[in-house]
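Taking it in order: structure first as structure tokens, then the write-up.
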Amino acid sequence: MRESHIRSVLKGVTWRIIASATTMTVVYFVTGDLALVASVGAVDVSAKLLFYYLHERTWGKVRWGLLGIEPNIK
Numbered sequence: 228m229r230e231s232h233i234r235s236v237l238k239g240v241t242w243r244i245i246a247s248a249t250t251m252t253v254v255y256f257v258t259g260d261l262a263l264v265a266s267v268g269a270v271d272v273s274a275k276l277l278f279y280y281l282h283e284r285t286w287g288k289v290r291w292g293l294l295g296i297e298p299n300i301k
């Protein structure tokens, strides 16, 4: 079964929300600088969303480790 491009994008977006919020929280607690939090957050979201999408699409082409699904015939 293949994964659609939109599914890969939506998975990336939802993960980015969680991961970027974590990164920005850490930056805030370490620096206390909201301007830096915004800068790091913007770069983090853009770069990691792109790399997540590329990672997912690459793994979608790798057949290693996939298990076949047996038909449920009775």
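Numbers given in our numbering equal positions in the sequence shown, counted from 1, plus 227. Beta carbons: idealized from backbone N, C-alpha and C, even for Gly.
Span of the alpha helix (DSSP H) around residue i
{"i": "Leu-276", "result": "261-287"}
{"i": "Ser-218", "result": "A question about residue 218 goes unanswered here, because the residues of the chain that appear run from 228 up to 301."}
Residues of its chain near residue i, where Cβ-Cβ distance is below 6 Å and the 5 sequence neighbours each way are ignored
{"i": "Lys-238", "result": "none"}
Short Cβ contact (8 Å threshold) for residue i with residue j
{"i": "Ser-247", "j": "Arg-284", "result": "no"}
{"i": "Met-251", "j": "Val-240", "result": "no"}
Selected residue, minimal CA-CA separation from residue i, among the options
{"i": "Leu-277", "options": "Leu-293, Arg-243 and Gly-259", "result": "Arg-243"}
{"i": "Ser-302", "options": "Asp-260, Leu-294, Ile-300 and Tyr-280", "result": "As shown, the chain starts at 228 and ends at 301. That puts residue 302 outside it, with no answer to give."}
Neighbourhood of residue i by C-beta distance below 7 Å, restricted to the same chain and skipping five residues each side
{"i": "Val-272", "result": "Arg-243 and Ser-247"}
Cβ pair count under 8 Å reaching 3, the stretch 262-270 against the stretch 281-294: Contact fails: fewer than three Cβ-Cβ distances are below 8 Å.
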